[in-house]
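A.B. asks: When we follow this note's numbering, the leftmost residue of the sequence shown carries the number 97, and every step to the right adds one.
Glycine is no exception: its CB is placed at the ideal position from the N, C-alpha and C atoms.
Remember, predicted model here, so these are calculated numbers, not experimental data.
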Amino acid sequence: MYWVTPRHLAGDDDALAEWIGDTLVGLGWRMWPTARHTLLYVSPDGLCGAEWVLAAYPFELGGLPVAWQLSARSHAASVMAEWNAYFTAGIPYEALADLLVEIDTRAKPDVGFTGPETVLNALCACGWIRDMDRPRTTATDPGFSCSVSLEMLPPLIEDADPRPDLVGWQAWADPVPGAPYLWCASFSASVPHNLVAAFASSLASPVPVPRRTVPESAEGRLTVVRRS
97 MYWVTPRHLA GDDDALAEWI GDTLVGLGWR MWPTARHTLL YVSPDGLCGA EWVLAAYPFE
157 LGGLPVAWQL SARSHAASVM AEWNAYFTAG IPYEALADLL VEIDTRAKPD VGFTGPETVL
217 NALCACGWIR DMDRPRTTAT DPGFSCSVSL EMLPPLIEDA DPRPDLVGWQ AWADPVPGAP
277 YLWCASFSAS VPHNLVAAFA SSLASPVPVP RRTVPESAEG RLTVVRRS
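(1) How about ASP108 and TRP99: do their beta carbons lie closer than 9 Å?
(2) Please state whether DSSP places ILE187 in a helix, a strand or coil.
(3) Check each candidate in ASP141, THR210, SER245, PHE240 and name the one with the smallest Cα separation from ALA314.
(4) Where do the ends of the beta strand (DSSP E) carrying ALA235 lie?
(5) Here's the rule I'm using: 16 or more other beta-carbon atoms within 10 Å means buried, otherwise exposed. How should ARG132 be labelled?
(6) Jot down the residue ranges of each uninterrupted alpha helix (DSSP H) in the region 271–307, minimum 4 residues, whole runs only, in chain order.
(7) Check this for me: beta carbons of TYR182 and SER282, under 9 Å apart or not?
(8) What's the call for ALA203, buried or exposed, on a 16-neighbour Cβ count within 10 Å?
(9) Evaluate HIS104 with the Cβ neighbour count: other Cβ atoms within 10 Å of its Cβ, from every protein chain shown; 16 or more gives buried, anything less gives exposed.
(10) For THR134, name the three-state secondary structure that DSSP assigns.
(11) Could you check how far apart the C-beta atoms of CYS144 and ILE199 are, in whole angstroms? I think they sit under 8 Å.
(12) Exposed or buried, which one is TRP128 when buried takes at least 16 other CB atoms within 10 Å?
(13) Can you grab the Cα-Cα spacing for the pair TYR137 / LEU262, in whole Å?
(14) Who are the near neighbours of PRO311 in its chain, counting only those whose CB is closer than 6 Å to its CB and skipping five residues on each side?
(15) Taking all protein chains shown into account, decide if TYR189 is buried (16 or more other Cβ within 10 angstroms of its Cβ) or exposed.
(16) Thinking C-beta only, is SER245 closer than 9 Å to GLN266?
(17) What residues match up with PRO250 in a beta bridge as DSSP calls it?
(18) Do PRO288 and PRO205 have their CB atoms nearer than 9 Å?
(19) Excluding the 5 residues preceding and the 5 following ASP227 in the sequence, name in chain order all residues of the same chain whose CB lies nearer than 7 Å to its CB.
(20) What's the gap between the Cα of TRP224 and the Cα of SER170?
(21) Could you check the C-alpha separation between THR210 and LEU216 for me, to the nearest Å?
(22) When DSSP builds the beta bridges, which residues end up paired with LEU195?
(23) Taking buried to mean at least 16 other C-beta atoms within 10 Å of its own C-beta, is PHE155 buried or exposed?
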């Protein structure tokens, strides 16, 4: 077992489904297998969903298949989700788990009153750097291997707001420039900024994380703090 930093390059230890599934069960979310060979978890109040969709291969972000889709509704009986968030395999499961815990604690997961600055502040509090050209929308880790940015939404990102040209938070890690991404994440336009800030704060945390294996593309950029 290795304890490594930075977290955003640590990968998912090939255990993203198991770790997040255990987190959701621990929060009291119910799970059903679906006809598409996916696993759907629903919060106790019926307002939030988390689905392991990798087997269905719904679409790609940055050339990587989406593995988890999160959603929230204003009412349990609502057909359409107010917002969705998508994550590929390879993402550090701690960041996704911390986001789910934050979602679970909220009475109204589709409502937020903070602006986009709260996301950038959360990253900068952990030592990340605002982009010189886009200081109000983008921050990057000090090693320039991971970015979180308010961008035009990629194709197939669903949101209850039907207006075109919407922007939402996007995050990605590319430890080797020009090589495939390590992971990608996309938040639709209506995801509350303070929820994205919870994800960002965990992603940028300097606290070491345990791993049995690390991504090959990040090996030269990871620091092993200790072995156990």
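C.D. replies: Taking the definition as stated:
(1) Against a cut-off of 9 Å, the Cβ pair of TRP99 and ASP108 comes out as no contact.
(2) Taken through DSSP and simplified to helix, strand or coil, ILE187 comes out as coil.
(3) It is PHE240.
(4) That run of the beta strand (DSSP E) goes 234–236.
(5) Exposed is the label assigned to ARG132, since fewer than 16 other Cβ atoms lie within 10 Å of its Cβ.
(6) The qualifying runs are 289–299.
(7) Yes; because the gap between Cβ atoms is below 9 Å, this pair is in contact.
(8) When all chains shown are included, ALA203 counts as exposed.
(9) By the 10 Å Cβ count, HIS104 comes out buried.
(10) Looking at THR134 - three-state DSSP - the assignment turns out to be coil, as it is neither helix nor strand.
(11) Taking C-beta atoms under 8 Å as the contact rule, CYS144 and ILE199 qualify, at a distance of about 6 Å.
(12) Within 10 angstroms of the beta-carbon of TRP128 lie fewer than 16 other beta-carbons, which makes it exposed.
(13) Their backbone Cα atoms lie some 28 Å apart in a straight line.
(14) Here the set comprises GLY107, LEU278.
(15) TYR189 counts as buried, since no fewer than 16 other beta carbons sit within 10 angstroms of its beta carbon.
(16) One thing to note: GLN266 has its Cβ within 9 Å of the Cβ of SER245.
(17) PRO250 is not bridged to any residue.
(18) Yes, these two residues count as a Cβ contact at 9 Å.
(19) Cβ within range, chain order: THR234, ALA235, THR236.
(20) Rounded to whole angstroms, TRP224 to SER170 spans 33 Å at the Cα level.
(21) Spanning the two alpha carbons is a distance of roughly 12 Å.
(22) LEU195 has no beta-bridge partner at all, per DSSP.
(23) With fewer than 16 Cβ atoms within 10 Å of its Cβ, PHE155 is classed as exposed.
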